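Top to bottom, those sequences are chains A and B.
Counting from 1, position 17 in the first sequence corresponds to residue 17 in our numbering; the numbering is continuous, with no gaps.
Counting from 1, position 233 in the second sequence corresponds to residue 311 in our numbering; the numbering is continuous, with no gaps.
We treat Cβ as the ideally placed atom computed from N, Cα and C, and that holds for glycine.
Just so you know, these numbers come straight off a predicted model, no measurement behind them.
A short worksheet on the structure shown next.
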Amino acid sequence: MLSLAALLPLGAPALPLDEAGKYVAGAYVVFLVLIVVYVAIMAAKLQRIERELRELAGFAENRAKGEGAAPQRDEVSA
Amino acid sequence: MYGKGLRPLSIATVAMVALSLSLVFFYAPLDADQGFIQKIFYLHVPLAITALVGFIVGGVFAIAHLRTGNRKWDAYSYVSIHMSVIFGVAVLVTGAIWAKASWGHWWVWDEPTLVSFLIVFLMYATYYPFRYAIEDPERQARYASVFAITAGAFVPLNFMAVRMAQSLVHPRTFGTANGGLPGEMMLVFLCCLTAIALLWVTLVKFELTAKSASGQVKRLRRALDAPTPGAASRIAPEVS
Numbered sequence: 001m002l003s004l005a006a007l008l009p010l011g012a013p014a015l016p017l018d019e020a021g022k023y024v025a026g027a028y029v030v031f032l033v034l035i036v037v038y039v040a041i042m043a044a045k046l047q048r049i050e051r052e053l054r055e056l057a058g059f060a061e062n063r064a065k066g067e068g069a070a071p072q073r074d075e076v077s078a
Numbered sequence: 079m080y081g082k083g084l085r086p087l088s089i090a091t092v093a094m095v096a097l098s099l100s101l102v103f104f105y106a107p108l109d110a111d112q113g114f115i116q117k118i119f120y121l122h123v124p125l126a127i128t129a130l131v132g133f134i135v136g137g138v139f140a141i142a143h144l145r146t147g148n149r150k151w152d153a154y155s156y157v158s159i160h161m162s163v164i165f166g167v168a169v170l171v172t173g174a175i176w177a178k179a180s181w182g183h184w185w186v187w188d189e190p191t192l193v194s195f196l197i198v199f200l201m202y203a204t205y206y207p208f209r210y211a212i213e214d215p216e217r218q219a220r221y222a223s224v225f226a227i228t229a230g231a232f233v234p235l236n237f238m239a240v241r242m243a244q245s246l247v248h249p250r251t252f253g254t255a256n257g258g259l260p261g262e263m264m265l266v267f268l269c270c271l272t273a274i275a276l277l278w279v280t281l282v283k284f285e286l287t288a289k290s291a292s293g294q295v296k297r298l299r300r301a302l303d304a305p306t307p308g309a310a311s312r313i314a315p316e317v318s
């Protein structure tokens, strides 16, 4: 497999590639980590919204059942 | 409503980021002066430009909010500033790494470009405590808009002041007497700028969609008169 150095045109780097590579990798990794952390936080928020929606759907269904059942009881009692 | 077009936008962003990274590492020539370390330029500068433009965009949305009174624009302004602050963190960290590699120092206090960006960043960092120090949502949105407009106007003024200052150490890449970037580097830079700008737009849209969904859940809960689980988040304005 070709190394990254072999793919790049050789210039006169201020730092040798092995040393400069660490800094370049560091900068790109920091950016990537920042984006991943942000997306993870947003994913957690979306999960919370989804959970709340499920709860609300359950609450609405229970209430609808309760409302549906109440007139029946009234009819029986009447 | 905010989620419309989010999927194609996300796909375009991922494709553009992948293309840009490929161009940075396999197409852009090595800089004669800085060598491989100059690859940070393709990340750091687009991030800085996008963050600064994002702050200005936040100010423009704030103007729309004050003109119309529509809270939607306040949410746009908030999310634009929020995303630009996150990008600002990336600018400061990548800049510090580049400075350490090039100059041997993580930070140089007598460099106007660095210090001015830090001032802008810190100014926007005060946006959050400023905003959430106000309880009334209407006043909160209005004051935050005034802040966003004032700070947004400061950003280009600050940029121009720095450009007029003569610096010895921070490189001037565009419009220099030596002719600026060569064609291949410029092409790669423009691709990177497009990718980072697309990423910013996608994340802004993503966050607006999440806030909209959260706001609708709260409205639904109120309409159903359902019990609220825990304290409601006051970190962001509600959007419908």
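Task: Residue-chain proximity (E61(A), chain B), Cβ-Cβ < 8 Å - done: no
Task: Chain-ordered neighbours of V30(A) on chain B, where CB pairs are closer than 8 Å - done: A168, V171, T172, I175
Task: Own chain partners of V102(B) with C-beta closer than 7 Å, once the 5 adjacent residues on each side are dropped - done: K117, Y120, V266, C270
TODO: Tell me, please, which residues DSSP counts as bridged to D109(B).
DONE: G113(B)
Task: First through last residue of the alpha helix (DSSP H) which encompasses A90(B) - done: 84 to 104
Open item on the list: Is it buried or exposed, D109(B), if we count other Cβ atoms within 10 angstroms and call 16 or more buried?
Closed with: buried
- [ ] Would you tell me roughly how many angstroms separate the C-alpha atoms of A291(B) and E285(B), rounded to the nearest one?
- [x] 10 Å
TODO: Please report how far the alpha carbon of L46(A) lies from the alpha carbon of A243(B), in whole angstroms.
DONE: 46 Å
TODO: With a 10 Å radius around its C-beta and 16 neighbouring C-beta atoms as the bar for buried, classify H183(B) as buried or exposed.
DONE: exposed
Task: Neighbourhood of D152(B) by C-beta, 7 Å cutoff - its chain only, sequence neighbours within 5 removed - done: Cβ neighbours of D152(B) within its own chain (closer than 7 Å, five residues either side excluded): H143, A219, A222, S223, P315.
- [ ] Please classify T204(B): does DSSP put it in a helix, a strand, or coil?
- [x] coil
Task: Buried/exposed call for P124(B), threshold 16 Cβ in 10 Å - done: Classification of P124(B): buried, given that the 10 Å Cβ count is 16 or more.
- [ ] Taking a Cβ distance cut-off of 8 Å, strictly less, list which residues of the stretch 271 to 304 of chain B are near chain A, in chain order.
- [x] L277, L281, F284, E285, A288, A291, S292, V295, L298, R299, L302, A304
- [ ] State yes or no: is the C-beta of F133(B) within less than 8 Å of the C-beta of V193(B)?
- [x] no
TODO: Identify whether L271(B) lies in helix, strand or coil by the three-state DSSP scheme.
DONE: helix
TODO: Could you pull the start and end residues of the alpha helix (DSSP H) that Y73(B) belongs to?
DONE: The question about residue 73(B) has no answer here: the residues shown for chain B are numbered 79 through 318.
Open item on the list: Measuring straight from C-alpha to C-alpha, what distance separates R149(B) and E216(B)?
Closed with: 9 Å
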